[in-house]
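Student:
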Amino acid sequence: MSGHSSGGPGAFQWSSCSKNVIQNFLSGPGSSCLKDLPPVPRPQFPHTNKLPGQLSDGDAQCKAMYNYQYWHCPQKISDCASLYCTNTNTTCSSSVVPPLDGTRCGPRHWCIRGTCVDDGSPIINGGWSEWSTYGDCSTTCGGGVQWRSRTCTNPEPANGGDDCEGSSKGHFRICNAEACPVEAVPFRRTQCQAFDPNYVEHYYSDPCKLVCRQVDYIYFFGNVADGTRCSSDPLRKDVCIAGACRSVGCDYILESGVFPDRCGVCNGNGTTCDRVHFEYTENWQYWGPNAAATMETLPVGSTKVVAAKRQVGYNVLGIQNSDGVYLISLPSWSTTVYAAGTKIVYEHNENLYRDRILIEGPTTEKLLLKFVYVYEVNGGVDIDYFRPVSGVLGSNVSYQWATSNWTSCSTTCAGGERSRVLYCVRSDDNTFASHSACDAALRPASVEACNTQTCPPEWHVTEWDTCSKTCGRGSQSRAVFCRKKTTSSSHETIDDQICLDSGLTRPNVTEVSRYCNEIPCPPEWVPLAWSECSTTCSTGVTTRQLECRRLEASGVMSPPILPENCDHAIKPPTSEPCNSDNPCTLLADLTENLDLNNTAAIVQQCTQLAHAQGFKYFALGDNGICYSDADTNTTYFLNGETGKNNCYAGVGRAGYMFVYTLDDYFDRALPTFYANMRDQIVWENMNKTISQCAHIARNKEYDYFGVQFYGECWSSSTPLADLSYTRHGDADNCWAGVGGDWSFQMYRLGTNSKK
1 MSGHSSGGPG AFQWSSCSKN VIQNFLSGPG SSCLKDLPPV PRPQFPHTNK LPGQLSDGDA
61 QCKAMYNYQY WHCPQKISDC ASLYCTNTNT TCSSSVVPPL DGTRCGPRHW CIRGTCVDDG
121 SPIINGGWSE WSTYGDCSTT CGGGVQWRSR TCTNPEPANG GDDCEGSSKG HFRICNAEAC
181 PVEAVPFRRT QCQAFDPNYV EHYYSDPCKL VCRQVDYIYF FGNVADGTRC SSDPLRKDVC
241 IAGACRSVGC DYILESGVFP DRCGVCNGNG TTCDRVHFEY TENWQYWGPN AAATMETLPV
301 GSTKVVAAKR QVGYNVLGIQ NSDGVYLISL PSWSTTVYAA GTKIVYEHNE NLYRDRILIE
361 GPTTEKLLLK FVYVYEVNGG VDIDYFRPVS GVLGSNVSYQ WATSNWTSCS TTCAGGERSR
421 VLYCVRSDDN TFASHSACDA ALRPASVEAC NTQTCPPEWH VTEWDTCSKT CGRGSQSRAV
481 FCRKKTTSSS HETIDDQICL DSGLTRPNVT EVSRYCNEIP CPPEWVPLAW SECSTTCSTG
541 VTTRQLECRR LEASGVMSPP ILPENCDHAI KPPTSEPCNS DNPCTLLADL TENLDLNNTA
601 AIVQQCTQLA HAQGFKYFAL GDNGICYSDA DTNTTYFLNG ETGKNNCYAG VGRAGYMFVY
661 TLDDYFDRAL PTFYANMRDQ IVWENMNKTI SQCAHIARNK EYDYFGVQFY GECWSSSTPL
721 ADLSYTRHGD ADNCWAGVGG DWSFQMYRLG TNSKK
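Going by full-length UniProt numbering, the first residue of the sequence shown is number 1, and it counts up by one from there.
#1: Compare the beta carbon distance of E11 and V97 with 8 Å and say whether it is the shorter of the two.
#2: Can you give me the start and stop residues for the beta strand (DSSP E) that N321 sits inside?
#3: Relative to the alpha-carbon of D101, which residue among R698, V659, N646, P520 has its alpha-carbon at the smallest distance?
#4: In this structure, how does DSSP classify P52 when only helix, strand and coil are distinguished?
#5: So what does V110 bridge to, in DSSP terms?
#6: Would you check if there are 3 or more beta carbon pairs closer than 8 Å linking the stretch 676-688 to the stretch 581-601?
#7: Give the straight-line distance between the Cα atoms of S16 and E576, rounded to the nearest whole angstrom.
#8: Residue range of the alpha helix (DSSP H) that C499 falls in?
#9: Excluding sequence positions up to five away, which residues of its chain have a Cβ less than 8 Å from the Cβ of T574?
#10: Run through the DSSP bridge pairs and tell me what M746 is partnered with.
#11: With DSSP run on the structure shown, which of helix, strand or coil describes F195?
#12: Under the assumption that A308 contacts V381 (Cβ atoms under 8 Å), give the Cβ distance between them as a whole number of angstroms.
#13: Tell me which same chain residues have a C-beta within less than 7 Å of the C-beta of S256, skipping the five on either side of it?
#14: Tell me where the beta strand (DSSP E) around V21 begins and ends.
#15: Give me the Cα-Cα distance between V707 and G650, rounded to the nearest whole angstrom.
#16: Pick out whichever of D233, Y648, E365, L662 has its Cα sitting closest to the Cα of G614.
#17: Do C455 and C413 have their C-beta atoms within less than 8 Å of each other?
#18: Return the first residue and the last residue of the beta strand (DSSP E) that N676 is part of.
#19: Closest to E296 by C-alpha separation, out of T411, S322, T272, would be which residue?
#20: Looking only at C-alpha atoms, which of S513, S138, V305, N517 sits nearest to K50?
#21: Could you name each continuous beta strand (DSSP E) segment of 3 residues or more that falls completely within the stretch 521-590, going from the start of the chain to the end?
#22: Pairing CB atoms from the stretch 161-180 with CB atoms from the stretch 120-140, are three or more of them under 8 Å?
#23: Rounded to whole angstroms, what is the Cα-Cα separation between A479 and T505?
#24: Taking the C-alpha atoms as reference points, what is the distance between E417 and W71?
#25: So is H348 buried or exposed if we call it buried at 16+ other beta carbons inside 10 Å?
#26: Considering only heavy atoms of the ligand FMN, does any lie closer than 7 Å to the CB of Q708?
#27: Given that a residue counts as buried once 16 or more other Cβ atoms are within 10 Å of its Cβ, and exposed if not, what is residue 817?
#28: Buried or exposed: D216, going by 16 or more other Cβ atoms within 10 Å of its Cβ?
#29: Would you report the Cα separation of F221 and Y204, rounded to the nearest angstrom?
#30: Hey, residue 767 and W525 are a contact pair by Cβ (cut 8 Å); roughly how many whole angstroms apart?
#31: Spell out the partners DSSP gives R356 in its beta bridges.
#32: For C33, is the classification buried or exposed, using 16 other Cβ atoms within 10 angstroms of its Cβ as the cut-off for buried?
#33: Give every residue of the same chain whose Cβ lies closer than 7 Å to the Cβ of S232, excluding the five residues on either side of it in the sequence, and list them in chain order.
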């Protein structure tokens with residue numbers, strides 16, 4: 001025999017040499033020690049139908065083989081020829097022996113006799129759970145997002161099944177919209193500093209990428225957290241969700257399409273302000289910022305302010321607060337500042353430039369637009385803005401719907417979806433207005449189907465289906481066919497030639513059916529055929545024998561094995577009622593009259609009932625039910641006799657019958673039962689019993705009487721007794737003058753005659 005362990009599929013087979021060595025040992029005298037019983041009872045381990053590798057996975061096997069610091073080597077999980085273990089994840093060690101049968105070697109695969117095979121389990125695709133309630137807000141201020149979650153657990157994908165399609169997050173909404181304190185650290189910066197405290201945020205061309213900077217170096221860390229502002233502009237509310245910038249209306253609702261009107265009122269109609277438009281042309285020639293001319297005083301609440309030089313020149317524009325302080329120090333190149341509750345943009349890129357000042361508004365304080373003379377005459381400055389008015393301006397202006405561009409279609413075929421944001425705008429200046437101002441009947445669609453054409457044909461190879469058996473050699477199959485996707489969730493099977501005509505090569509799949517789960521089944525009780533029913537009419541009992549067997553890996557049932565192997569198997573019933581749907585003719589239910597110490601009375605009742613209907617046979621069964629039928633000779637004697645324990649004193653127990661014949665009914669000399677003295681018997685003096693029967697017969701004016709069954713008193717009218725007194729001849733089973741089981745000891749009053 002080999003001095004070391006074997007690996008691979010051959011490890012589970014005896015070599016010819018090993019077979020001979022084992023056989024010689026078992027045949028020799030040395031094997032007698034195997035018959036010795038253990039000195040003490042061994043513990044009984046819980047029974048399970050699982051394979052060893054299911055009870056002790058690869059990690060546990062490695063710990064048992066080496067020590068607790070080892071686990072199944074991840075790089076060699078699929079190798080069933082040998083069990084590989086590691087304690088570093090970089091190198092794998094093996095002692096050659098294969099993993100235990102049932103050890104996982106991949107999704108829906110396990111090791112069986114040194115080979116990684118499909119376990120035949122059903123493929124379960126994942127399904128979404130219900131949506132949760134809303135979670136916490138992503139930020140404590142400044143307008144974050146919160147969402148509802150779902151999990152791919154209804155059911156959870158298993159055995160190589162597909163994960164759920166779509167996102168586990170949904171139903172996003174804005175939360176904590178109040179402005180953050182000035183000293184608050186921006187949310188984007190906190191994400192950078194989670195990687196390094198020295199990092200600061202860096203805005204990139206993609207606003208939803210987390211880019212961090214340290215001095216002159218920038219670092220990329222994927223998408224920003226959901227709820228991060230798309231822009232550093234504090235007045236812009238748009239947020240990033242799942243790596244995409246999503247529009248937020250001034251009502252703090254995602255993609256509502258609601259924005260401030262020209263007067264700065266959220267969801268307004270532009271009727272609380274009026275437009276101011278003029279050209280500043282004064283030829284101001286006092287030099288420098290400190291001697292600048294005031295072109296216009298902007299009241300609180302001014303919006304959409306635009307001050308623009310008409311010509312390129314050296315003169316510049318400035319903006320001061322009500323205290324005369326420049327909000328942007330001059331001279332200055334182009335810059336943006338946030339003051340007076342709004343964003344102020346100054347454009348000046350060269351010495352000779354056409355300056356512009358842009359103020360979104362509404363402003364929270366009075367501002368001064370300044371003209372700063374530097375060198376040349378004033379070429380003119382156009383000033384345009386909206387100022388608030390008291391009350392609401394009447395207007396005949398009309399409103400119309402406007403839209404953003406369509407987003408890209410979500411799919412290239414089989415029906416996708418695209419969307420756009422809707423706006424309501426004033427027709428006079430194209431500024432935003434409330435949706436309610438536009439005609440709802442003319443509201444354009446915000447979502448539409450796109451790319452609804454079917455997808456190009458494709459070859460599809462299905463997964464192997466579920467094994468037909470869990471053990472004992474089952475079968476499974478898969479299919480290869482041409483199909484095309486028709487909707488987001490359905491495909492249509494088409495002729496294979498369409499794929500071939502499209503230049504698609506059929507997948508090289510040579511196997512479409514195979515055996516699976518070629519492992520022996522646990523021992524089980526196998527029932528043999530049912531016996532004949534104990535009755536041919538009315539409820540009887542049928543029985544069967546059980547054998548302990550098991551289905552081998554080849555799918556063949558084994559010969560009978562020791563019953564102890566089936567101790568943990570479910571035992572099928574070995575008896576059951578039969579003929580319940582074929583009742584015998586029921587003459588009477590005498591169960592309430594049954595006295596097991598005196599059954600003669602109900603026997604007599606049943607006899608008379610059978611005779612009255614002309615039956616030749618009758619039976620007492622089921623503890624007192626009187627039966628008969630037209631074909632009772634065949635019916636009652638078909639199955640032969642049963643054990644005596646199934647009948648008592650001429651009455652069958654449940655499921656059994658005691659059968660009688662009426663051949664001699666009219667020849668019976670004494671058919672009338674009139675007393676039972678059996679419970680008063682004195683066995684040493686049977687004459688006492690005879691005298692008791694005689695005394696009662698004389699009182700009833702009977703000429704004849706008989707004693708049967710050691711104490712039953714019988715008689716009849718004189719003509720009947722006269723005719724049959726001597727007809728039957730002597731019986732051979734009478735005892736001590738008191739008859740026998742079915743024989744009378746007959747007497748005639750006034751004589752000593754007896755028979």
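Think of the CB as a built atom: it goes at the ideal place given N, C-alpha and C, for glycine as much as any other residue.
Source: prediction; values computed, not measured.
Tutor: Concretely, from the data shown:
#1: The sequence position of residue 11 within the sequence shown is 11, counting from 1. The sequence position of residue 97 within the sequence shown is 97, counting from 1. In the sequence under discussion, the amino acid at residue 11 is Ala, which differs from the Glu named in the question. In terms of Cβ geometry, A11 and V97 form a close pair [threshold 8 Å].
#2: As a working note, residue 321 is residue 321 in the sequence shown. 316-321 is the extent of the beta strand (DSSP E) around N321.
#3: Within the sequence shown, numbered from 1, the residue matching residue 101 stands at position 101. Checked all of R698, V659, N646, P520; the closest Cα to D101 is P520.
#4: In the sequence shown, residue 52 corresponds to position 52, counting from 1. Note: P52 maps to helix in three-state DSSP.
#5: One-based indexing of the sequence shown puts residue 110 at position 110. The sequence given here places Trp at residue 110; Val does not occur at that position. Per DSSP, the beta-bridge partners of W110 are R104, V117.
#6: With the cut-off at 8 Å, the stretch 676-688 and the stretch 581-601 touch.
#7: Residue mapping note: residue 16 aligns to position 16 of the sequence shown, counting from 1. Residue mapping note: residue 576 aligns to position 576 of the sequence shown, counting from 1. Straight-line Cα distance between these residues: approximately 50 Å.
#8: Looking up residue 499 in the sequence shown gives position 499. Note, C499: alpha helix (DSSP H), 496-501.
#9: Translated into the one-based positions of the sequence shown, residue 574 becomes position 574. Once the five neighbours on either side are set aside, the close Cβ partners of T574 are P527, T543, R544, Q545, L546.
#10: Position 746 of the sequence shown, counted from the first residue, corresponds to residue 746. Partner residues in the beta bridge of M746, as assigned by DSSP, are G706.
#11: Translated into positions along the sequence shown, residue 195 becomes position 195. Reduced to three states, the DSSP call for F195 is coil.
#12: One-based indexing of the sequence shown puts residue 308 at position 308. One-based indexing of the sequence shown puts residue 381 at position 381. That pair is a contact at about 7 Å.
#13: Taking the sequence shown and counting its residues from 1, the one referred to as residue 256 is at position 256. Take S256, set aside five residues on each side of it, and the residues of its chain with a beta-carbon closer than 7 Å to its own are G249, in chain order.
#14: Counting from one through the sequence shown, the residue named residue 21 turns up at place 21. DSSP places V21 in no beta strand (DSSP E) but in the uninterrupted alpha helix (DSSP H) bounded by 16-27.
#15: Taking the first residue of the sequence shown as 1, we reach residue 707 at position 707. Taking the first residue of the sequence shown as 1, we reach residue 650 at position 650. Distance from the CA atom of V707 to the CA atom of G650, rounded to whole angstroms, is 18 Å.
#16: As a working mapping, residue 614 is identified with position 614 in the sequence shown. The shortest Cα separation from G614 among D233, Y648, E365, L662 belongs to L662.
#17: Within the sequence shown, residue 455 is the residue found at index 455, counting from 1. Within the sequence shown, residue 413 is the residue found at index 413, counting from 1. It is a contact, given that the beta carbons lie within the stated cut-off.
#18: Mapped onto the sequence shown, residue 676 falls at position 676. From DSSP, the beta strand (DSSP E) with N676 extends over 672-676.
#19: In the sequence shown, counting from the first residue as 1, residue 296 sits at position 296. If you compare the alpha carbons of T411, S322, T272 with that of E296, the shortest gap goes to S322.
#20: For the purposes of this step, residue 50 is taken as residue 50 along the sequence shown, with counting starting at 1. Comparing Cα positions, the closest option is N517.
#21: Here the runs fully enclosed are 524-527, 540-543, 546-549, 575-578, 585-589.
#22: Yes: the two stretches touch, three or more of their Cβ pairs being nearer than 8 Å.
#23: Locating residue 479 in the sequence shown gives position 479, where the first residue counts as 1. Locating residue 505 in the sequence shown gives position 505, where the first residue counts as 1. Whole-angstrom Cα-Cα distance: 16 Å.
#24: The residue given as residue 417 occupies position 417 in the sequence shown. The residue given as residue 71 occupies position 71 in the sequence shown. The straight-line gap separating the alpha-carbon atoms of E417 and W71 is approximately 48 Å.
#25: On the sequence shown, residue 348 is found 348 positions in, with the first residue counted as 1. Buried: at least 16 other Cβ atoms inside 10 Å.
#26: Because no ligand of any kind appears in the structure shown, any question about the ligand FMN cannot be addressed here.
#27: Missing from the structure shown is residue 817; the chain here goes from 1 to 755 and no further.
#28: The residue you call residue 216 lines up with position 216 of the sequence shown. An exposed status is given to D216, since fewer than 16 other beta-carbon atoms sit within 10 Å of its beta-carbon.
#29: Mapped onto the sequence shown, residue 221 falls at position 221. Mapped onto the sequence shown, residue 204 falls at position 204. Spanning the two alpha carbons is a distance of roughly 12 Å.
#30: Examination of residue 767 is not possible in this model, given that the chain is present from 1 through 755 alone.
#31: Translated into positions along the sequence shown, residue 356 becomes position 356. The partner list for R356 (beta bridge, DSSP) reads A308, E347.
#32: Numbered from its first residue, the sequence shown carries residue 33 at position 33. Counting every other CB atom within 10 Å of its CB across the protein chains shown gives C33 a total below 16, marking it as exposed.
#33: What you label residue 232 is simply residue 232 of the sequence shown in a count that begins at 1. If we look at S232 and ignore the five residues flanking it on each side, its Cβ neighbours are Y203.
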